[in-house]
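Below: the structure, in structure tokens.
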Amino acid sequence: MPSTDQTALQFSALGIRDVSGIGLLFAQLRANFQSELAHASETGKWEQIRDSWIASDLAIRANWIDKAPDEFKPILSREHQSLLDFIELGLAVTRTLRQLGATTPDAVAAQFQKLRSKFDLELGECADQIDIGVTKVGWLGRRSGVIMNLTESWLKQSTVELRPIVGRELNALRTHIETAIEQRQSELAAAAESQALARDRIDLSLPGVQRPLGSAHLLRQTFAEIERIFLSLGFRVVEGPEIETPYYNFEALNIPEHHPARDTMDTFYLEMPRGAEPRLLRTHTSPVQVHTMESQQPPVRIIVPGKVYRRDNPDATHSYAFHQIEGLAVDTDVTFCEFKGTVEHFVREFLGPAIKTRLRPSYFPFTEPSVEVDASCFACGGSGCRLCKNSGWIELFGAGMVDPAVYGFVNYDPARVSGYAFGLGVDRLSQLKYGIDDVQLFFQNDVRFLRQFS
Ligand code: PHE
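Numbering (our numbering), first residue to last: 1 to 454.
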């Protein structure tokens, strides 16, 4: 008998190193027992089987459990106990009631009661659906489940008098097993589900992730506002380079090399290789007037938004970089009247319909006559206040009729064409319109400032 062969060996001789090895070992023993049992149903040598397995039982205690390392002792004891239960159950259910000594109704009922308790115990120990599956096969399995065995050995072999009782008990046991298993299964499923729900719980009361939408910077908004006004008058938007040659920034705008007007625009020059043409950061958007007239014939109606650079020390109204929108209109019949009307229209659109406009004589080398465009103070309505320094007027931007000398640089015929130009300081206009007392705020990107205009 293979089972006894193995149990005669010392635990150390089995070559077992882990818990799953122990599981396999006992599974092997159960299988051995079962095949012997099947054999006994034909030969009827139950006593022999029982004796040999009682011997194994003792050997397992002496050779395995007692000799095993401490860490394996608990699992060996558990496996051993369940093997004994298995053997006991097997021996009970494969023998006839008469062989078991149950010959009265009470004794039969007691035998069934014993099985029921065994089943209840086993089911109670099931921890998951897999355990339940194993138990279910063991008790209800069609090939060698307990109920099946009982039908063969207890019911079919019972006396005629006892048969109705055995039948009733057997049915009751089967029903009990079926309902108990079903109930335990749904209990476990419910527990598993509530566990899964707890694990996957989403807390809907948590605030979501906020992804704030940005908005255009106030300067960009001002650019867009001004562009809209001039686009509606038929102007087109043109851009030009921020790195310029002195020719475009100065000479072609009628500012020769030693002209004092250059001083106000002394600017940033780029370091160039020796002998190369000098380059500088443009000090105004006016060079784009020249680029545009070089590349196209009149009529010209353009506005030029862009960044410009000057060597100014930063303060509330100065910055080394700021923004302009240049305007240029040149055609065969552009008059000072059109110029004035356009400027007045722009100021009313930008600052409000009640704002009045005033032109003051000024000087720019590339316009003649040149003017400063003032607006009536929108803070006090013209009566005088801090904003307008009690003058009632606020200086807005410089402008004028294009100096005929400029046409000479771009091959326009001064006898045939005329035009006007203006240069809006976007930062300044934005400061005035929105009451911003420090131009540096535009460049610091403090969200508390930016948000006020989003
Ligand atoms: N370019 C001048 C400046 O930056 C402004 C200006 C532009 C004046 C066009 C007249 C005409 O100061």
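Where a beta carbon is used, it is the ideal one built from N, C-alpha and C, also for glycine.
Residue i: CB within 7 Å of a non-hydrogen atom of the ligand PHE
| i | result |
| --- | --- |
| S418 | no |
| T245 | no |
| S454 | no |
| G364 | What sits at residue 364 in the sequence shown is Phe, not Gly. Indeed, a heavy atom of the ligand PHE lies less than 7 Å from the Cβ. |
| F422 | yes |
| G240 | no |
| H284 | yes |
| A316 | no |
| E251 | no |
| Q324 | yes |
| G398 | yes |
| S370 | yes |
Where the alpha helix (DSSP H) through residue i begins and ends
| i | result |
| --- | --- |
| Q221 | 218-231 |
| V447 | 447-450 |
| R50 | 46-59 |
| L204 | Looking at the DSSP string, L204 is not in any alpha helix (DSSP H), and its letter there is neither H nor E. |
| G138 | 129-140 |
| I147 | 146-150 |
| R536 | Residue numbering for the chain in the displayed model covers 1 to 454; residue 536 lies beyond these limits and cannot be assessed. |
As assigned by DSSP and simplified to three states, the class of residue i
| i | result |
| --- | --- |
| L441 | helix |
| S286 | coil |
| Y434 | helix |
| D510 | Nothing about residue 510 can be reported from this structure: the residues present for the chain run from 1 to 454 only. |
| D312 | coil |
| D374 | strand |
Own chain partners of residue i with C-beta closer than 7 Å, once the 5 adjacent residues on each side are dropped
| i | result |
| --- | --- |
| E277 | T245 |
| H259 | P365 |
| V238 | V288, T292, I302, V304 |
| D437 | A316 |
| S16 | Checking the sequence shown, residue 16 turns out to be Ile, not Ser. I22, L25, listed in sequence order. |
| L83 | F26, L29, R30 |
| W139 | F119, G145, V146, I147, I177 |
Sequence-distant residues of the same chain with beta carbon closer than 6 Å to residue i, five excluded per side
| i | result |
| --- | --- |
| C388 | C377, I394 |
| I49 | E36, A40 |
| K356 | S376 |
| W53 | I87 |
| Y248 | P287, V290 |
| V406 | N254, F366 |
| G234 | R301 |
| Y420 | A329, F339, M401 |
Host beta strand (DSSP E) of residue i (start-end)
| i | result |
| --- | --- |
| H323 | 321-331 |
| S117 | Run containing S117: none in the beta strand (DSSP E); it sits in the alpha helix (DSSP H), 105-124. |
| I394 | 393-402 |
| G167 | Unbroken run through G167 is the alpha helix (DSSP H), 163-199; no beta strand (DSSP E). |
| G425 | 418-425 |
Residues near residue i by beta carbon distance below 8 Å, same chain, minus five either side
| i | result |
| --- | --- |
| I132 | L123, C126, I181, R184, Q185, L188 |
| L270 | I243, P278, R279, L280, L281 |
| E251 | E257, F409 |
| V371 | L359, R360, P361, S362, G398, A399, G400 |
| D374 | T357, R358, L359, R360, W393, I394, E395, L396 |
| Q157 | T96, L97, R98 |
Cβ-heavy atom distance, residue i to the ligand GTP, below 7 Å
| i | result |
| --- | --- |
| T367 | The ligand content of the structure shown is limited to the ligand PHE, which means the ligand GTP is not among them. |
8 Å Cβ cutoff, residue i in contact with chain C
| i | result |
| --- | --- |
| F364 | Here there is only one protein chain, and chain C is not present. |
Segments of 3+ residues assigned as beta strand (DSSP E) that fall wholly inside the segment 226-310: 300-309
Runs of beta strand (DSSP E) wholly within the segment 326-369 (minimum 3 residues, chain order): 357-364
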